[in-house]
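Just so we're aligned: the sequence shown equals residues 524 to 665 in the numbering used here.
Glycine included, C-beta positions come from ideal geometry on N, C-alpha and C.
Take a look at the structure below.
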Amino acid sequence: MSIAFENEIHQPYLAPASDAIAANCQKERIRAALGLRSDRLPRLNEETLSRYYDYLSANLSLPFAAYYPEPKNSQEVREFHCEVLELIDPAEYLGDALDGIFCKVRKGTYEENSPLIDLHLPLDDPNFQLIEDYWYWFWNWR
């Protein structure tokens, strides 16, 4: 989900306790995004996907830069760059447990609809954590 190239980004190692705390924080953010108070995260379904769409629509800064597919080198960064223009309401367009929420992206002069889950954002992008949390929930609670 993140864009990092060998020797370009150095992140400190997180100890297992830190990993557990980070996972708890992520689950808390996801529960908040879905408007939940319980400790359990819900499975992905039409209602929860719609809730996540509402949350992301209200909180993402659009448009934003992303990559599809994930670049592996600096040449691919230019080649795979796209701009996310808007989210598409899953109640109106193809949103399901297979692909999740779609978004309209521009790649060069072409616009297309793409699953949000397929896009990759740089670690320093202000939208990174929002997309990363959605990605985590989508893949683990389908």
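With a cut-off of 8 angstroms on the beta carbons, I'd call residue i and residue j a contact; round off their distance for me.
i, j, result
"residue 638", "residue 623", "6 angstroms"
"residue 610", "residue 576", "6 angstroms"
"residue 587", "residue 650", "5 angstroms"
Note the first and the last residue of the continuous alpha helix (DSSP H) segment covering residue i.
i, result
"residue 596", "First-last for residue 596: undefined, no H or E at that position."
"residue 636", "Segment 633-638 is the beta strand (DSSP E) holding residue 636; no alpha helix (DSSP H) there."
"residue 653", "651-663"
"residue 572", "569-582"
For the beta strand (DSSP E) holding residue i, just list the boundary residues, first then last.
i, result
"residue 590", "587-590"
"residue 608", "604-611"
Where DSSP assigns a beta bridge to residue i, which residues make up the other side?
i, result
"residue 623", "619"
"residue 630", "633"
Does the beta-carbon distance from residue i to residue j come in below 9 angstroms?
i, j, result
"residue 640", "residue 658", "yes"
"residue 564", "residue 662", "no"
"residue 629", "residue 606", "yes"
"residue 578", "residue 557", "yes"
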